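The sequence shown begins at 424 in my numbering and counts up by one.
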Amino acid sequence: MDKTQAFIKDNLLVKNFNNPDKPIDEKRLQDTLLILPTDGGLTSKLRRSRTKLRLNTDNIESYNKTKHPRYRTVTKSSKVAFKNYINNCRRAVSQTKKLILENNISDRATLEGYLQSNNKTDLMERLPNYEKVKPMHEKLWINYMKEVLGIPESVRDSSKLSINGTSALLKLSMADYNGSLLKVSNSRNRNLVGIQGIVIWDSQKSFIMCTRGSIYDELKIIPKKGTVFSFEVPINDESALQYSILGDRFKYRSSDRAGRKFKSRRCDDMLYYIS
424 MDKTQAFIKD NLLVKNFNNP DKPIDEKRLQ DTLLILPTDG GLTSKLRRSR TKLRLNTDNI
484 ESYNKTKHPR YRTVTKSSKV AFKNYINNCR RAVSQTKKLI LENNISDRAT LEGYLQSNNK
544 TDLMERLPNY EKVKPMHEKL WINYMKEVLG IPESVRDSSK LSINGTSALL KLSMADYNGS
604 LLKVSNSRNR NLVGIQGIVI WDSQKSFIMC TRGSIYDELK IIPKKGTVFS FEVPINDESA
664 LQYSILGDRF KYRSSDRAGR KFKSRRCDDM LYYIS
């Protein structure tokens, strides 16, 4: 095909240039047409799959409608099993406290040695173990929260990271906090301030957390009412996003909270937060 044929000049170059002879004189037209190879639609498929995995109100409500055929039986059995686990941990902690007072034990290594030498390894196994639930926070929850907030895996400069605050708060209100590392930053009950642990169950009225102790670990049931929790979402090794949870507005199960839209209401019951 002749580069200077009348069709190109009269129908294309005239509409885009004041002087249609300019690109011809500058030899900007090529004899061949460059065609780049495609990936067979892989990019568009990945984009569609990522869109489906995004957390929003529509897909959460559709997921909630799909239930297991034995949903009631499975839920009841899991509640009974978890209640038994909490009671067993409490009994084990109570027995451990008694042994520590009777034998003047002051550190974790001495306690473990005493339990092994006196054939009480079953008591050690029934005690809650912070290290066992730690991977649930580090390997599962942090990656889940980064995906929810749209944080890239590697961020060198945290100042260049931009997050929509309104959208982030909406997603955080619907997110799952099982596996999160929460700290009580303020509370009507001053004895709870400073308690920190990994959430193993987000119930309707409380967070059940596994806390690390100097001698033994234990489970603590922290009520949401009258309590403010804080947590961090690490961006990199140096920076992290910090958020606070107002427990009085979080008194819903994680499954119910997923499809719930929070509304503005009176805050007379939260004067303790600013006092």
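Using N, Cα and C, we set each Cβ at its ideal position, and we do this for glycine too.
As the structure is a prediction and not an experimental result, all values here were calculated from the model.
Checklist line | Separation of Thr-474 from Gly-573, as counted between CA atoms | finding: Distance between the alpha carbons of Gly-573 and Thr-474 is about 12 Å.
Checklist line | Buried or exposed (CB count within 10 angstroms, at least 16 for buried), Pro-551 | finding: Result: buried.
Notebook entry, point to check: Which residue comes first and which comes last in the alpha helix (DSSP H) that contains Ala-663?
Noted result: Per DSSP, Ala-663 lies in no alpha helix (DSSP H); the unbroken beta strand (DSSP E) holding it starts and ends at 663 to 669.
Margin query: Let me make sure I understand the geometry here. Which of Glu-641, Thr-519 and Gly-670 has the alpha-carbon closest to that of Lys-648?
Written below: Checking every option, the nearest Cα to that of Lys-648 belongs to Gly-670.
Notebook entry, point to check: Should Gly-636 go down as buried or exposed, given a rule of 16 or more other Cβ atoms within 10 Å for buried?
Noted result: Flag for Gly-636 reads exposed.
Check: Could you give the distance in angstroms between the alpha-carbon of Ser-626 and the alpha-carbon of Gln-619?
Finding: Between Ser-626 and Gln-619, the C-alpha separation is close to 17 Å.
Item checked: Straight-line Cα distance separating Trp-564 from Arg-514 -> Each residue's Cα considered, the two are about 29 Å apart.
Next item on the list: In angstroms with no decimal places, state the Cα-to-Cα distance between Leu-584 and Ala-663.
Entry: The straight-line gap from Cα to Cα measures roughly 11 Å.
Notebook entry, point to check: Which one or two residues does DSSP pair with Phe-630 in a beta bridge?
Noted result: Answer is Asp-625 and Ile-645.
Item checked: Cα-Cα separation between Cys-512 and Ile-644, rounded to whole angstroms -> Approximately 12 Å between the Cα atoms of the pair.
Note to self: Comparing C-alpha positions only, which one of Arg-471, Val-622 and Asn-527 sits nearest to Val-607?
What the structure shows: Checked all of Arg-471, Val-622 and Asn-527; the closest Cα to Val-607 is Val-622.
Check: Helix, strand or coil: how does DSSP classify Ile-431 here?
Finding: It is helical.
Notebook entry, point to check: Using the beta-carbon count (16 or more within 10 Å), is Ile-668 buried or exposed?
Noted result: With 16 or more Cβ atoms within 10 Å of its Cβ, Ile-668 is classed as buried.
Item checked: Neighbour-count burial assignment, Ile-528, 16 or more Cβ in a 10 Å radius -> Per the 10 Å Cβ criterion, buried.
Next item on the list: Might you give, ordered along the chain, the residues of its own chain that have their beta carbon closer than 8 Å to the beta carbon of Arg-579, omitting 5 neighbours on each side?
Entry: Contacts found: Asn-659.
Item checked: For Glu-655, the residue or residues it bridges with in DSSP -> Note: Glu-655 sits in a beta bridge opposite Gln-665.
Margin query: So Asp-640 and Tyr-553 are supposed to be a Cβ contact under 8 Å. How far apart are they, rounded?
Written below: So it is a contact: roughly 4 Å between Cβ atoms.
Item checked: Secondary structure of Ser-610, DSSP reduced to three states -> DSSP places Ser-610 in strand when its eight states are reduced to three.
Check: In angstroms, rounded to a whole number, what distance separates the CA positions of Ala-591 and Phe-440?
Finding: Linking Ala-591 to Phe-440 through their CA atoms gives a straight-line distance of about 47 Å.
Check: What beta strand (DSSP E) runs, 3 residues minimum, are completely inside the stretch 546 to 593?
Finding: Within the stretch 546 to 593, no complete beta strand (DSSP E) segment of 3 residues or longer occurs.
Checklist line | Local conformation of Gly-636 per DSSP, three classes | finding: Gly-636: coil per DSSP, three-state reduction.
Notebook entry, point to check: From Tyr-666 to Leu-604, what distance separates their C-alpha atoms?
Noted result: Near 12 Å, if we compare the C-alpha coordinates of Leu-604 and Tyr-666.
Checklist line | Neighbourhood of Asp-530 by C-beta, 8 Å cutoff - its chain only, sequence neighbours within 5 removed | finding: Here Asp-530 has Ser-637 and Ile-638 as same chain residues with Cβ atoms under 8 Å from its own Cβ, once five neighbours each way along the sequence are excluded.
Note to self: Considering only their Cβ atoms, is the gap separating Asn-614 from Val-651 smaller than 7 Å?
What the structure shows: Contact flag unset, no.
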